[in-house]
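So the sequence lines, in the order shown, correspond to chains F and L. Using our numbering, the letters of the first sequence map in sequence onto residues 46 to 393. Using our numbering, the letters of the second sequence map in sequence onto residues 46 to 393. Note that beta-carbon positions come from the ideal geometry of N, C-alpha and C, so glycine has one too.
Number of protein chains: 2
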Amino acid sequence: MSQLAVRNNDNPLLKPSDLRPSAEGLEIECLLNPGVFQFNGKTYMLVRVAEKARQREGYFSVPVLSGSGRMDVIDIPLSDPALDRSDPRVIRYHDDYYLTTLSHLRLLCSDDGHRFFEPPESVILRGEGPYESYGIEDCRVTQIDHTFYLTYTAVSPNGVGVGLITTVDWKVFRREGLTLPPHNKDCAIFERQIGQHYYMLHRPSSIFIGGNYIWLAESPDLRHWGNHRCIARTRSGKWDSERIGAGAAPVFTSAGWLEIYHGADESQRYCLGALLLDKDNPANVIARSDDPIMEPTAPYEQTGFFGNVIFTNGHTVHGDLLRIYYGASDEVICSADFSIDAILDSLR
Amino acid sequence: MSQLAVRNNDNPLLKPSDLRPSAEGLEIECLLNPGVFQFNGKTYMLVRVAEKARQREGYFSVPVLSGSGRMDVIDIPLSDPALDRSDPRVIRYHDDYYLTTLSHLRLLCSDDGHRFFEPPESVILRGEGPYESYGIEDCRVTQIDHTFYLTYTAVSPNGVGVGLITTVDWKVFRREGLTLPPHNKDCAIFERQIGQHYYMLHRPSSIFIGGNYIWLAESPDLRHWGNHRCIARTRSGKWDSERIGAGAAPVFTSAGWLEIYHGADESQRYCLGALLLDKDNPANVIARSDDPIMEPTAPYEQTGFFGNVIFTNGHTVHGDLLRIYYGASDEVICSADFSIDAILDSLR
Numbered sequence: 046m047s048q049l050a051v052r053n054n055d056n057p058l059l060k061p062s063d064l065r066p067s068a069e070g071l072e073i074e075c076l077l078n079p080g081v082f083q084f085n086g087k088t089y090m091l092v093r094v095a096e097k098a099r100q101r102e103g104y105f106s107v108p109v110l111s112g113s114g115r116m117d118v119i120d121i122p123l124s125d126p127a128l129d130r131s132d133p134r135v136i137r138y139h140d141d142y143y144l145t146t147l148s149h150l151r152l153l154c155s156d157d158g159h160r161f162f163e164p165p166e167s168v169i170l171r172g173e174g175p176y177e178s179y180g181i182e183d184c185r186v187t188q189i190d191h192t193f194y195l196t197y198t199a200v201s202p203n204g205v206g207v208g209l210i211t212t213v214d215w216k217v218f219r220r221e222g223l224t225l226p227p228h229n230k231d232c233a234i235f236e237r238q239i240g241q242h243y244y245m246l247h248r249p250s251s252i253f254i255g256g257n258y259i260w261l262a263e264s265p266d267l268r269h270w271g272n273h274r275c276i277a278r279t280r281s282g283k284w285d286s287e288r289i290g291a292g293a294a295p296v297f298t299s300a301g302w303l304e305i306y307h308g309a310d311e312s313q314r315y316c317l318g319a320l321l322l323d324k325d326n327p328a329n330v331i332a333r334s335d336d337p338i339m340e341p342t343a344p345y346e347q348t349g350f351f352g353n354v355i356f357t358n359g360h361t362v363h364g365d366l367l368r369i370y371y372g373a374s375d376e377v378i379c380s381a382d383f384s385i386d387a388i389l390d391s392l393r
Numbered sequence: 046m047s048q049l050a051v052r053n054n055d056n057p058l059l060k061p062s063d064l065r066p067s068a069e070g071l072e073i074e075c076l077l078n079p080g081v082f083q084f085n086g087k088t089y090m091l092v093r094v095a096e097k098a099r100q101r102e103g104y105f106s107v108p109v110l111s112g113s114g115r116m117d118v119i120d121i122p123l124s125d126p127a128l129d130r131s132d133p134r135v136i137r138y139h140d141d142y143y144l145t146t147l148s149h150l151r152l153l154c155s156d157d158g159h160r161f162f163e164p165p166e167s168v169i170l171r172g173e174g175p176y177e178s179y180g181i182e183d184c185r186v187t188q189i190d191h192t193f194y195l196t197y198t199a200v201s202p203n204g205v206g207v208g209l210i211t212t213v214d215w216k217v218f219r220r221e222g223l224t225l226p227p228h229n230k231d232c233a234i235f236e237r238q239i240g241q242h243y244y245m246l247h248r249p250s251s252i253f254i255g256g257n258y259i260w261l262a263e264s265p266d267l268r269h270w271g272n273h274r275c276i277a278r279t280r281s282g283k284w285d286s287e288r289i290g291a292g293a294a295p296v297f298t299s300a301g302w303l304e305i306y307h308g309a310d311e312s313q314r315y316c317l318g319a320l321l322l323d324k325d326n327p328a329n330v331i332a333r334s335d336d337p338i339m340e341p342t343a344p345y346e347q348t349g350f351f352g353n354v355i356f357t358n359g360h361t362v363h364g365d366l367l368r369i370y371y372g373a374s375d376e377v378i379c380s381a382d383f384s385i386d387a388i389l390d391s392l393r
């Protein structure tokens, strides 16, 4: 099926060294999983920037968000027995936990959809408050009327939930709190109401029974959500056997809502597939990809910070052209073009 | 602190043999965790009845809910290599999973709050549909105006979430779907609006970072929920170190909202404690029990299906008298009386 995706010849479009760290003492480890939108005739990308602390000899250094929203670095003596590094993602020191990398969201702009740069007045969205003290990640951007809805993964000692920020001008941002409690991520809001309700896709995880499935929820006001229904489960023995999650907002087509989603198998290989949801009742799944519509086959998709990963949560649509932007190997940002009709054909 | 609780001399009030199984071939294994409410001058209990299949020689038999809502029994030959009993809670047979017990909710009535019996027209609420095929459990009942809101644990292969049923007459029930996706339980709705919103407590669980904490959510309409905030976490080294969850709806007092909650430690010993929440802003925790207000000390609380457990999600309030009903050792139903003032004193 790999002929469905036409990769950009300039891939990767962005790598960690293309951006500057957000504070002294930090290094950008990875660029990941951008939300993408059009605004004032340009293409914008809200990219996840994962930073680690620059290491000092004899210390293990971790980035922390201070209460005032500043990034600091804490240096822990490697010889200190209170330092526990047994989990590579989370460091324990005495009774406190620290992530080895901390993510913020950074706005990048493009005239042509290929070359992205930081606008003169840089926009950096950091974690704020008690539900984001370990950073914010993997933002989906949905425009409804004149408002942009940013749904992102909020990470803190309270757990991993879904936060909402709204903006109309990309200058003033309104924090709307957690719309979904832990453990949840991969949340994408539909771009228009269906009947009386707004809809979103999300991905709760289960500690007992259940799994990492895609769910649908509905809302009267985009802040309060209910009537949660599971619309897609992992499929044993297939490419999406271990974990699935929504990409960006579904694309409205004459055949129904087309959703590009990621699926991983037991070896943590992430591919992309498609779901087609009923136009009037998106809880009704009309079709689903048997095989991936895109697999990690390019060198930059197979090798990197975490190899064999392609993950998308942002795209643009121009007629039949679906241009997805994706994180490759959890390290660099790429794009690939699809024909929407060809994806729909592959689902028949 | 055990002098706070005055146990009923008739404890246990109800045991599995007091009720009849809901269908042929079933046996009642446990009575658990009743929701409690007043209606038409009587005290009602919506008790969780956990049933297992009567076992046949040479088979392992499991209860199942058929699509039409009937209870059936499936007999699996013990010699069949496709039978996997390694998890005592969940049986695997080929690619299907079965719970060893399946719970429904049954309505019991009392004139005096001590002796409960099934009303002449029995009311049994069973799991229905794809989110309840493994049964429904641990229902909280909240009355707002003339409507009763039943929040319960919905168990299915899709995961463990929170379902909502409403009724005004306890004859006609309206299924309102899942108000919270997996993994979540212990959901209790406040009995009145605060400002513009309704509120509820709930207990999501985390697969990575976070834990089993009590969260608060708000809603404009009791069906759609947002602004999730964590109001109480487990406390390392204390009686509530491993897992905490709300009991019934908070009691409105002049000092604030008084919530009786359960906490378990690493040895799975379940005690009860109290939280006092700000009257106008229940996200603000004013006080919390250092020590339990009730511990499993009676013989029927220490020995049974799962010993050393007291768990409440139902009570009645008469002036200063708080009568909690609780499941003891996950097997029998008991009650104990508290003075609300004495609990508030213990929090000072």
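Item                                                                                                                                                                                         : Value
For M46 (chain L), collect the residues of the same chain with a Cβ closer than 7 Å to its Cβ; drop the 5 residues on either side in sequence, then sort them by chain order.                : Any reading at M46 (chain L) must be qualified, since the residue scores a pLDDT of 48, below 50, and its modelled position is unreliable; no value is offered.
CA-CA distance, N207 (chain L) and R65 (chain L)?                                                                                                                                            : Here the sequence assigns Val to residue 207 (chain L), which means Asn is not the residue at that position. In a straight line, the C-alpha of V207 (chain L) is about 27 Å away from that of R65 (chain L).
Mind checking D365 (chain L): buried by the 16 CB within 10 Å criterion, or exposed?                                                                                                         : exposed
With DSSP as the reference, label P227 (chain L) as helix, strand or coil.                                                                                                                   : coil
Spatial neighbours of E221 (chain L) within its chain, please: CB distance less than 7 Å, with the 5 preceding and 5 following residues excluded, ordered by chain position.                 : L209, I210, T211 and R268
With a threshold of 8 Å between beta-carbons, can G271 (chain F) be considered close to chain L, or not?                                                                                     : yes
Listed from N- to C-terminal order along the chain, which residues in the region 305-317 of chain L have their beta-carbon within a distance smaller than 9 Å of any beta-carbon of chain F? : none
Give a single yes or no on whether R268 (chain F) has its beta carbon closer than 7 Å to a heavy atom of the ligand HEM.                                                                     : Among the components modelled here there is no ligand, and therefore nothing to report on the ligand HEM.
Going by DSSP, name the residue or residues bridged to D129 (chain F).                                                                                                                       : F:R137
Taking 8 Å as the CB-CB cut-off, is D390 (chain F) touching chain L?                                                                                                                         : no
Could you give the uninterrupted runs of the beta strand (DSSP E) lying entirely in the region 323-353 of chain F, keeping only those of 3 residues or more?                                 : 330-333
If you follow the beta strand (DSSP E) that L246 (chain L) is part of, which residue opens it and which one closes it?                                                                       : Y243 to P249
Shortest alpha-carbon distance to D285 (chain F) belongs to which of F:S299, F:K87, F:K230 and F:L317?                                                                                       : F:L317
Ignore the nearest five residues each way along the sequence and tell me which others in V109 (chain F)'s own chain have a CB closer than 6 Å to its CB.                                     : D117 and I119
Distance cutoff 8 Å, beta carbons only. Does R288 (chain L) sit that close to anything in chain F?                                                                                           : no
Candidates F:R101, F:P202 and F:Q100: which alpha carbon is nearest S178 (chain F)'s?                                                                                                        : F:P202
Could you have a look at A68 (chain F) and say whether DSSP puts it in helix, strand or coil?                                                                                                : coil
Of all the residues that make up the region 242-260 of chain L, which are near chain F by a beta-carbon distance shorter than 8 Å?                                                           : H247, P249, S250, S251, I252, F253, I254, G255, G256, Y258 and W260
Taking Cβ-Cβ distances shorter than 9 Å, what residues in chain F pair up with D55 (chain L)?                                                                                                : None at all; the shortest Cβ gap to chain F is about 35 Å.
Could you spell out where the alpha helix (DSSP H) holding S62 (chain L) opens and where it closes?                                                                                          : Looking at the DSSP string, S62 (chain L) is not in any alpha helix (DSSP H), and its letter there is neither H nor E.
Since P108 (chain L) meets chain F, which of its residues come closer than 9 Å, beta carbon to beta carbon?                                                                                  : Going along chain F, no residue has its Cβ under 9 Å from P108 (chain L), so there is no contact; the nearest lies around 16 Å.
Confirm, please, whether the CB-CB distance from L123 (chain L) to G103 (chain L) is below 8 Å.                                                                                              : yes
Please report the straight-line C-alpha distance between T187 (chain L) and S374 (chain L), rounded to a whole angstrom.                                                                     : 25 Å
Using a Cβ-Cβ distance cut-off of 8 Å, determine whether P226 (chain F) contacts chain L.                                                                                                    : yes
Along the alpha helix (DSSP H) that carries S391 (chain F), what are the first and last residues, could you check?                                                                           : I385 to L392
When DSSP labels each residue in this structure, what does L77 (chain L) get in the three-state scheme?                                                                                      : strand
What does C275 (chain L) reach in chain F if we use C-beta pairs closer than 7 Å?                                                                                                            : N203
Between Y409 (chain F) and R278 (chain F), which are expected to be in contact by the criterion C-beta below 8 Å, what is the C-beta distance as a whole number of angstroms?                : What is shown of chain F runs 46 to 393, which leaves residue 409 (chain F) out entirely.
Suppose contacts are defined by Cβ-Cβ distances below 8 Å. Is T298 (chain L) in contact with V81 (chain L) by that definition?                                                               : no
Give a yes or no on whether 8 Å exceeds the smallest Cβ distance from G180 (chain L) to chain F.                                                                                             : no
Taking Cβ-Cβ distances shorter than 7 Å, what residues in chain L pair up with G206 (chain F)?                                                                                               : H273
Tell me whether the beta-carbon of L76 (chain L) lies closer than 8 Å to the beta-carbon of K60 (chain L).                                                                                   : yes
Closer than 9 Å, Cβ to any Cβ of chain L: which residues of the region 116-139 of chain F, in chain order?                                                                                   : R134 and V135
By how many angstroms is the C-alpha of K230 (chain L) removed from the C-alpha of N53 (chain F)?                                                                                            : 46 Å
Quick one: what does DSSP say A373 (chain L) is sitting in, helix, strand or coil?                                                                                                           : strand
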